[in-house]
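Here's the structure, in structure tokens; my notes come after.
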Amino acid sequence: MAALDPHGSGYDDYDAAYDVEDEGAERRPMTAIKGAGFSSSKGRSSNFDPMATDIPAPLEKTQDTSPEANIRNLEAKVHDFLEESSFAVSKRKFQEVLVQLANVYQFCEMYTESINTLMVLVKNKTFDRAGRLRVNIGNIYFKQGKHLQAVKQYRMSLDQIPSDQQQLKNRVLKNIAHCFVKMGQYADAMKTYEHVLEQTPIRVHGDMCVVPATHRSIACGRAEQEMEGMEEREPGNDFQTAFNCILCYVAIGERDRMKRGFIRMLSLQLDGDPDGDKYLNVQDDSQVQMFLDAVKDDQLRGLERRAKKHAERYLLLAARLIAPLIESDFADGFDWCIEKIKASAFNPLASELEIHKALSYLKVKEFKKAVKLLKGFEKKESHMLSTAATNLAFLYALETDYTQAEEYADRAIQADKYNPNAMVNKGNCLLAQDKHAEAIEFYHEALAVDSGCFEALYNLGLAHRRLGDLDEALDCFLKLADMLPEHAEVVYQVAAVYEELEDFDQSCEWFETLIGLVRTDPNALRHFGELYDKLEDKSEAFKYHFEAFRYFPSDIATISWFGSYYIESQFIEKAIQYFERAAEVQPGQVKWRLMIGSCYRRTGNYQQALEVYKRTHRLFPDNVECLKFLVRICTDMDLPEAQDFAVALKRAEQMTERKRSATTRANSGRRTRSGRTLGHSASKARASSGTNSLSSSTNAFPADAAAVDAHEAEVTPKPQALDASYKDPIGQMPNRPKTAAQRSQPPDEENWDDIDDDLLPD
């Protein structure tokens, strides 16, 4: 089937065929019966032609072999190939593309081949769209990071683009400015952006046409002078370029230009107002009202809404960006921006900018000012009230004032019942008060309003995990992991839930994923090492604990694990190094120093252990465990200091017992007997039983030192057998070998007769 050429080649040939039929061919009868006799047919007066050479076939087309016809046929074929290549590109069948080969090379990231193909077309002098192809070449250079060559191609394209295509030229100029930004030439980029913003049309009052400002003819100079007071420059609507220009001002540090740029940005106008009066009018005419109802939700209004949202976003970003920079205090900067916005056509954005000002107060931890500013929205419109109440609820929740937080969360929900953030805050307040079921309901409501509310889904998983519904919690976290596959906290929750379900294989896989996301997180590395420790894989556990220690050498949990690991491996000297580091990290904890002393005792270095215990006793004179160690080691080494440490141990135990009794009396309110009565009864019991053990006479000694000496002279006529029983913090020492405990006695001479003769030498 022949293609229909818009130039007319196909249709013209088809019409010509029917013209020939009308001129020479005899028409076919309309009926099957023809009347006899005279017939006045058109062919009656024609010349006699016995061979019928002048009568062509009725439906046969004439072949036009002229050069113009051949050119038209070629154009039709090229057009067909162009359509086929376009369809192939849309279906991403790049191998079938012939005409758009350069674009295919670009899509396949074969930039060199694409540039070479485009350069062949550009060098063709007869090609009238070389400027557009140079733009494509510049885009390829931009993707390759060759920004200087891209600028060169863009500038060459500007010279070849016709002067009536100002919009295309502005887009090329913006590409040049983007290249300058990438190269760090912010001053050149700023000038280029400003030039683009100045390319706005001039509106002339009266019946004159609108003429672009940069393309006015020189011959119009006299007319322009006459209409000098009649022309007005249109503000334009390129908010993105204005924002990029402000970014350049910020990079350079020009405060005055930041202000002027923001004011110029506020002067821009939108092409249409999606909330204008034309969408709210009610007309008596049914046809007019039908038209208004039809345009309320048409594509044009949707486009206007997107354009307005786009402009408001850039305005808020610009205000938040320059507010801390244009004044010495960020609050003054926000006040200046709010004042300018209120005086512009975008005055509804002033309230939203005040919300951002309150959030800036929160960032610098000025909570009172933030609360005061947010409470000022209680009498404003419902949307801003809901936003302010949501932030106040979050603020009070951070301060653990859950009563106030819950109150403002309720206000936010009342102001806007479709606010998912307010529902999440309400659920968080209930979850903090251990009301898990009610919190889960609010999380479900937030997800019903916004299925993509990550906070609600994450907190829902936490609530199920606290209730012990591990399967439900796992479903929530797995859904969230599908939506946020690179979120470290979500991956950790999945791994932790699998660990609680005792599915250690899955837990290890998710922990490996977590380590891939946060390679330097010591807590994740240590937790992974603890998981391998549960699986009794000491080599992997040591590997990940060592990585955690390398990134965070002051982590007490990691240090303690290494100490225990080396004690189990009987490398006591290595364990001492880690316990010494733990004592440096926590100098107020006595247990690390006691572990160091126990390690020295285990290695047999009793003198060093004694020095460690003495230093510990000087730092912690009332520690009972340290005194027990001192009594025991001094007794084993037969040192005279054993009795002194025993007396100190008695005093420490008495003091501990008195503190415990005082605490008991304060808690229960009951009175107990005085310490002297307890000491006297305990002395009688000890004297009657005849025991002198240190552990059974804790309350036998009076409080003062003089009474201690007298009591010892009376009750203890001979040295006591001290019992320094204690609990070793690093476990029981291994039993010493007993191979040489008893020597074998030589047999009696009387029993020599019992030896068999076979055992005697020959």
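As numbered in our numbering, the sequence shown has no gaps in its residue numbers, which increase by one up to the final residue, 775.
All C-beta atoms, glycine included, are put in the ideal place defined by N, C-alpha and C.
Keep in mind it's a predicted model, so treat the numbers as computed, not measured.
_Which listed residue (His500, Met668, Thr125) has its alpha carbon closest to that of Ile150_ = As a position in the sequence shown, residue 150 is number 137, starting the count at 1. Closest option to Ile150, Cα to Cα, is Thr125.
_Endpoints, alpha helix (DSSP H) assigned at Cys442_ = Position 429 of the sequence shown holds residue 442. Counting along the chain, the alpha helix (DSSP H) containing Cys442 begins and ends at 433-445.
*Exposed or buried, what is His457 when buried is set at 16 or more other beta-carbons lying within 10 Å of its beta-carbon?*
Looking up residue 457 in the sequence shown gives position 444. When all chains shown are included, His457 counts as exposed.
*N-terminal and C-terminal residue of the alpha helix (DSSP H) that Ile153 is part of*: For the purposes of this step, residue 153 is taken as the residue at position 140 of the sequence shown. Here the alpha helix (DSSP H) through Ile153 covers 143-157.
_Below 8 Å, how does it come out for the stretch 189-199 and the stretch 254-269: are there three or more Cβ pairs, yes or no?_
yes
_Rounded straight-line distance, which links the Cα of Ala596 to that of Phe562_ = If you number the sequence shown from 1, residue 562 lands on position 549. If you number the sequence shown from 1, residue 596 lands on position 583. Their backbone Cα atoms lie some 16 Å apart in a straight line.
*To the nearest angstrom, how far is it from the Cα of Met650 to the Cα of Gln602?*
Numbered from 1 along the sequence shown, position 637 holds the residue referred to as residue 650. Numbered from 1 along the sequence shown, position 589 holds the residue referred to as residue 602. Rounded to the nearest angstrom, the two C-alpha atoms are 27 Å apart.
*Given a threshold of 16 other Cβ atoms within 10 Å of its Cβ, counted over all protein chains shown, does Ser364 qualify as buried or as exposed?*
Counting from 1 along the sequence shown, the entry for residue 364 is found at position 351. Buried: at least 16 other Cβ atoms inside 10 Å.
*Taking just the CA atoms, how far does Arg85 sit from Ser127?*
Residue numbering aside, residue 127 sits at position 114 when the sequence shown is read from its first letter. Residue numbering aside, residue 85 sits at position 72 when the sequence shown is read from its first letter. Rounded to whole angstroms, Ser127 to Arg85 spans 30 Å at the Cα level.
*Classify Ser357 as helix, strand or coil using the three-state DSSP reduction.*
Start at 1 with the first residue of the sequence shown, and residue 357 comes out as number 344. Reduced to three states, the DSSP call for Ser357 is coil.
*Between Leu632 and Tyr545, what straight-line distance do the alpha-carbon atoms span, to the nearest angstrom?*
Position 619 of the sequence shown, counted from the first residue, corresponds to residue 632. Position 532 of the sequence shown, counted from the first residue, corresponds to residue 545. Looking at the two C-alpha atoms, the distance is approximately 38 Å.
*Do Glu451 and Gly465 have their C-beta atoms within less than 9 Å of each other?*
If you number the sequence shown from 1, residue 451 lands on position 438. If you number the sequence shown from 1, residue 465 lands on position 452. Contact: no.
*Span of the alpha helix (DSSP H) holding Asp546?*
Walking along the sequence shown from the start, residue 546 turns up at place 533. Here the alpha helix (DSSP H) through Asp546 covers 535-547.
*Residue range of the unbroken alpha helix (DSSP H) whose run includes Lys641*: Looking up residue 641 in the sequence shown gives position 628. Residues 637-649.
*Have a look at Ala428, Gln427, Phe407, Ile426 and flag the residue whose alpha-carbon is nearest the alpha-carbon of Ala418.*
For the purposes of this step, residue 418 is taken as the residue at position 405 of the sequence shown. The option with the nearest alpha carbon to Ala418 is Phe407.
*Do you know offhand how far Tyr557's Cα is from Asp534's?*
Mapped onto the sequence shown, residue 557 falls at position 544. Mapped onto the sequence shown, residue 534 falls at position 521. Rounded to whole angstroms, Tyr557 to Asp534 spans 11 Å at the Cα level.
_9 Å Cβ cutoff met for Leu334 and Phe252_ = Numbered from 1 along the sequence shown, position 321 holds the residue referred to as residue 334. Numbered from 1 along the sequence shown, position 239 holds the residue referred to as residue 252. Not closer than 9 Å, so no.
*asked:* Which residue wins for smallest C-alpha separation from Gly158, given the options Cys192, Cys521, Asp141?
replied: The sequence position of residue 158 within the sequence shown is 145, counting from 1. If we check each option's Cα against that of Gly158, Cys192 comes out closest.
*Please work out which residues of its chain come closer than 8 Å, Cβ to Cβ, to Gln621, disregarding the five sequence neighbours upstream and downstream, and give them in chain order.*
Here residue 621 refers to the residue found at position 608 of the sequence shown. Excluding residues within five positions, the ones whose Cβ falls inside 8 Å are Tyr613.
*Could you give the DSSP three-state label for Arg235: helix, strand or coil?*
Indexing the sequence shown from 1 puts residue 235 at position 222. Reliability of the predicted coordinates at Arg235 is poor, the pLDDT of 45 falling under 50, and no value is obtained from them.
*Between the Cα of Ala476 and those of Val504, Asp495, Pro498, Val510, spot the shortest distance and give me the residue it belongs to.*
Against the sequence shown, residue 476 aligns to sequence position 463. The candidate whose alpha carbon is nearest that of Ala476 is Val510.
*asked:* Would the stretch 430-439 count as touching the stretch 395-403 if we require 3 or more Cβ pairs under 8 Å?
replied: yes
*Rank Ser280, Ala344, Val507, Ile354 by C-alpha distance to the C-alpha of Leu386 and give the top, closest one.*
Against the sequence shown, residue 386 aligns to sequence position 373. When each option's Cα is compared against that of Leu386, the closest is Ala344.
_Met169, enclosing alpha helix (DSSP H) - first and last residue_ = Against the sequence shown, residue 169 aligns to sequence position 156. From DSSP, the alpha helix (DSSP H) with Met169 extends over 160-173.
*Decide yes or no for the touch test of the stretch 670-678 against the stretch 639-658: beta carbon pairs closer than 8 Å, at least 3 of them.*
no
*When you compare each of Leu527, Asp488, Gln656 to His500 by their alpha carbons, which one comes out closest?*
Taking the first residue of the sequence shown as 1, we reach residue 500 at position 487. Cα-wise, what sits closest to His500 is Leu527.
*Is Gln667 helix, strand or coil when you go by DSSP?*
In the sequence shown, the residue the question calls residue 667 occupies position 654. In the structure shown, Gln667 sits in a helix (DSSP, three-state: H, G or I).
*From Ala494 to Leu405, what distance separates their C-alpha atoms?*
Position 481 of the sequence shown, counted from the start, is the residue given in the question as residue 494. Position 392 of the sequence shown, counted from the start, is the residue given in the question as residue 405. Their backbone Cα atoms lie some 30 Å apart in a straight line.
*By a C-beta neighbour count over all protein chains shown, 10 Å radius and 16 as the cutoff for buried, is Cys489 buried or exposed?*
For the purposes of this step, residue 489 is taken as the residue at position 476 of the sequence shown. Per the 10 Å Cβ criterion, buried.
*Is the CB-CB distance between Phe359 and Ala307 below 9 Å?*
By 1-based counting over the sequence shown, the position of residue 359 is 346. By 1-based counting over the sequence shown, the position of residue 307 is 294. In this structure, Ala307 does not lie closer than 9 Å to Phe359 by Cβ.
_Burial state of Glu367 (16 or more Cβ within 10 Å)_ = Numbered from 1 along the sequence shown, position 354 holds the residue referred to as residue 367. Counting Cβ neighbours within 10 Å, Glu367 comes out buried, since at least 16 surround it.
*Grouping DSSP H, G and I as helix and E and B as strand, with all else coil, what is Gln179?*
Position 166 of the sequence shown, counting from 1, holds the residue named residue 179. It is helical.
*For His208, name the three-state secondary structure that DSSP assigns.*
For this step, residue 208 is matched to residue 195 along the sequence shown. Helix at His208.
*Can you tell me the Cα-Cα spacing of Gly542 and Val625, whole angstroms?*
Within the sequence shown, numbered from 1, the residue matching residue 542 stands at position 529. Within the sequence shown, numbered from 1, the residue matching residue 625 stands at position 612. Using only the alpha carbons, I get a separation of about 32 Å.
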